[in-house]
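Undergrad: Numbered per the working numbering, the sequence shown finishes at 1357, counting up by one with no gaps.
Ideal placement from N, C-alpha and C gives every residue a C-beta, glycine not left out.
Have a look at the structure that comes next, please.
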Amino acid sequence: MPTPLHTPRVNNNDDTVRLVKLLVKAGDAVRAGQLVAEVETDKANFTVESDRDGYVLAVEKALNDTIDVGSVLLWLGATADEAVPAFAAVGAPVESTTSTAPPTLKAAQLLAQHGLSASEVPASTGRLTVADVEAYLAAHPGNLANLQGSSITPNEPNASSPAIAAGSSEPLSPEERGMLRTVLWQRDEAVPGYVELAYDAKAWEQASTDYQKRERLLLSPLLALMAHRLARVAAQNRRLNSTIVAERRHAYSSVNLGFTIQSDTTLYLAVVQNAAALGCREFIERLGQLQRGALAHALRAADLTGATVSFSSMARWNVSRHVPVLPPHTAIIVAHAMSRDGIGTLGATYDHRVLTGYDALAALRAISTPEETI
């Protein structure tokens, strides 16, 4: 029986990806785990693997197409002569229905921006996407009237902007586009605040040294232990592990810990999935794998997807203070800096729509003290 291979979600914030490379064609035999395509997001390029052995019956998407997450990328069969279902033929119209599943995060934000409800907009698949909302707006231009007189206006050239000096233009790399998107999200969506406190760095350094000796680790686990502490604190306070979607608080079901890693000139936000459920040793090992992958520029899509809280340190560069930018759709990122004379600094950039300064400060106080059980 033919089975579909769907376009994967490689970033929580992307409802579409661009198909930049096809590695198979109709009639090819593939094995489970074999690379079949490459897609591009705002952050990076990622490969798509076959989830089973079989034969490629049909490729539904064309090279360089922008395609919806969750759409059928290609069809696989047990034999090369199986027929692709008639309703899935390339170019066949898709019947629109009202979606019963929650809209994607970006679709929910666009609905709220235009004063629409999910029930008003037909969905082309089982879940309402940004493409569905944009198609509805294009067919119902009257909805754009809601923007008149509001603070949300179409982007227009600023007549007072200074002229750009002569020079050359070049495209941004996927990582640079990801950074741009992060910065624009903090500017346009979040209401960032920042708090910091001094803490007893000696207590953490001693706890880290004791753990390193006990577990016979080659490298200091200090930053990993502090990041794991953040994950556990976020699991205890769901406000830390949430965001705002369509004027409602969206609490994430698991704590996915984002950890910044600088590799050459590239800054990655690697993600330890379900971090609060991991023990210290398991968390340290998983984070170590991500760090090695980042240094080799070999991180996978799942390694960069879905951070719900984040931790960043610039202590290795002797930085005594830094104010990080919030990753999209998160409420807090904790900043660790170098200690001086046994006194360290922890800071937090937080989304004031979700948290108060007191909430962020309370989180820092909890993180500033190592758990007795590590």
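With 16 other CB atoms within 10 Å as the buried threshold, where does Ala1072 fall?
TA: Position 89 of the sequence shown, counted from the first residue, corresponds to residue 1072. In this prediction, Ala1072 has a pLDDT of 38, which is less than 50 and means its spatial position is unreliable; what the coordinates show is noted afterwards. Answer is exposed; the Cβ neighbour count stays below 16.
Undergrad: Let me check one thing: in DSSP terms, what residues is Ile1147 bridge-paired to?
TA: If you number the sequence shown from 1, residue 1147 lands on position 164. Ile1147 pairs with nothing; no bridge assigned.
Undergrad: Flag this pair as yes or no: are the beta carbons of Ala1066 and Asp998 separated by less than 8 Å?
TA: As a position in the sequence shown, residue 1066 is number 83, starting the count at 1. As a position in the sequence shown, residue 998 is number 15, starting the count at 1. Going by C-beta atoms, Ala1066 is not nearer than 8 Å to Asp998.
Undergrad: Nearest CA to the CA of Glu1354: which residue from Arg1222, Leu1208, Leu1270, Ala1258?
TA: For this step, residue 1354 is matched to residue 371 along the sequence shown. Closest by alpha carbon: Leu1208.
Undergrad: Quick one: which unbroken alpha helix (DSSP H) runs of 4-plus residues sit fully inside the region 1153-1204? Chain order, please.
TA: Entirely contained in the region 1153-1204, the alpha helix (DSSP H) runs reaching 4 residues are, in chain order, 1157-1171, 1184-1198.
Undergrad: Would you kindly report the start and end of the unbroken alpha helix (DSSP H) that includes Asp1342?
TA: Within the sequence shown, residue 1342 is the residue found at index 359, counting from 1. Segment 1340-1350, the alpha helix (DSSP H) holding Asp1342.
Undergrad: Fully enclosed by the region 1242-1312, which alpha helix (DSSP H) runs are 4 residues long or longer?
TA: The region 1242-1312 contains these whole alpha helix (DSSP H) runs: 1263-1278.
Undergrad: Identify the continuous beta strand (DSSP E) that holds Val1019 and give its terminal residues.
TA: In the sequence shown, the residue the question calls residue 1019 occupies position 36. Taken as a continuous stretch (DSSP letters only), the beta strand (DSSP E) holding Val1019 covers 1018-1023.
Undergrad: Report the rounded CA-to-CA distance for Asp1036 versus Pro1175, giving the unit in angstroms.
TA: As a working note, residue 1036 is residue 53 in the sequence shown. As a working note, residue 1175 is residue 192 in the sequence shown. Their Cα atoms are separated by approximately 48 Å.
Undergrad: Using 8 Å as the cut-off, can you tell me whether the region 1212-1225 makes contact with the region 1333-1353, which would need three or more C-beta pairs spanning the two stretches below that distance?
TA: A contact exists between the region 1212-1225 and the region 1333-1353.
Undergrad: According to the Cβ coordinates, are Val1022 and Leu1002 closer than 8 Å?
TA: Along the sequence shown, one-based indexing puts residue 1022 at 39. Along the sequence shown, one-based indexing puts residue 1002 at 19. Result yes, Cβ atoms of Val1022 and Leu1002 sit closer than 8 Å.
Undergrad: Does the region 1306-1313 touch the region 1052-1059, meaning 3 or more C-beta pairs lie closer than 8 Å?
TA: The region 1052-1059, when compared against the region 1306-1313, does not touch it at the 8 Å Cβ threshold.
Undergrad: Measuring CA to CA, which of Ala1186, Ala1184, Arg1232, Leu1094 is closest to Thr1313?
TA: Within the sequence shown, numbered from 1, the residue matching residue 1313 stands at position 330. Residue Arg1232 is the option with its Cα nearest to Thr1313.
Undergrad: Give the secondary structure of Asp1334 by DSSP, where H, G and I count as helix, E and B as strand, and everything else as coil.
TA: Counted from its first residue, the sequence shown places residue 1334 at position 351. If DSSP states are grouped into helix, strand and coil, Asp1334 belongs with the strands.
Undergrad: State the DSSP-derived secondary structure class of Glu1065, mapped to helix, strand or coil.
TA: Reading the sequence shown from its first residue, position 82 is the one you call residue 1065. Coil, per DSSP.
Undergrad: In terms of alpha-carbon separation, which member of Trp1300, Leu1250, Val1317, Arg1264 lies closest to Leu1287?
TA: Taking the sequence shown and counting its residues from 1, the one referred to as residue 1287 is at position 304. That would be Leu1250, whose Cα lies nearest to the Cα of Leu1287.
Undergrad: On the three-state DSSP scale, how would you describe Asp1051?
TA: Here residue 1051 is taken as the residue at index 68 of the sequence shown, counted from 1. Note: Asp1051 maps to strand in three-state DSSP.
Undergrad: Can you tell me whether Arg1110 is buried or exposed, with buried defined as 16 or more other CB within 10 angstroms of its CB?
TA: Here residue 1110 refers to the residue found at position 127 of the sequence shown. Buried, by the Cβ-count rule.
Undergrad: Quick check on the DSSP output: the beta strand (DSSP E) that includes Gly1037 runs from which residue to which?
TA: Sequence index remark: in the sequence shown, residue 1037 carries index 54 (1-based). Here the beta strand (DSSP E) through Gly1037 covers 1037-1042.
Undergrad: Could you give the distance in angstroms between the alpha-carbon of Leu1056 and the alpha-carbon of Thr1248?
TA: In the sequence shown, counting from the first residue as 1, residue 1056 sits at position 73. In the sequence shown, counting from the first residue as 1, residue 1248 sits at position 265. Their Cα atoms are separated by approximately 33 Å.
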